[in-house]
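Chemist: When we follow the working numbering, the leftmost residue of the sequence shown carries the number 1291, and every step to the right adds one.
Where a beta carbon is used, it is the ideal one built from N, C-alpha and C, also for glycine.
Given the structure is predicted, the values throughout are model-derived calculations rather than measurements.
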Amino acid sequence: MNGETFFNWIKNIIPLLKKNAVVVMDNASYHSVKIESCPTTNWRKADIEKWLYEKGETYEKPMVIPRLLEIVKRIKPRYDKYVIDEFYNSPRPPESKRPA
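Below, the structure is given as structure tokens:
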């Protein structure tokens, strides 16, 4: 199993669930696929700067990696999202289209 296969399966299952259904998943890696990677201490400085630039963040240059990662930490909650969570929370067809 991989993230793509799991996502294709779950996106077909979720619309079939009743309104108050609960989905329980374990910590398998394919259940926790992120929409995008956020910078970590393992990233190169140029890659962190590029990521921040793509997010529209400005900062004084030059800046050392630990300071760049402080900026990342501040804005990371906006971008640190899981594929399944975003799909589940996205608008779905009206309730009348779901099976009873």
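If you run the structure through DSSP and keep just helix, strand and coil, what is Y1378?
Modeler: Here residue 1378 corresponds to residue number 88 of the sequence shown, with the count starting at 1. The answer is helix: DSSP assigns Y1378 an H, G or I state.
Chemist: What three-state label does DSSP hand N1343 in the structure shown?
Modeler: Translated into the one-based positions of the sequence shown, residue 1343 becomes position 53. Checking the sequence, you will find Tyr at residue 1343 rather than Asn. Note: Y1343 maps to helix in three-state DSSP.
Chemist: For I1325 versus K1371, is the C-beta distance shorter than 8 Å?
Modeler: Looking up residue 1325 in the sequence shown gives position 35. Looking up residue 1371 in the sequence shown gives position 81. The answer is yes: Cβ separation under 8 Å.
Chemist: Mind the definition here: the segment 1321-1335 touches the segment 1302-1311 only if three or more C-beta pairs lie below 8 Å; say whether that holds.
Modeler: No, the segment 1321-1335 does not touch the segment 1302-1311.
Chemist: Checking the sheet assignment: what are the DSSP bridge partners for K1324?
Modeler: Here residue 1324 is taken as the residue at index 34 of the sequence shown, counted from 1. The partner list for K1324 (beta bridge, DSSP) reads Y1372.
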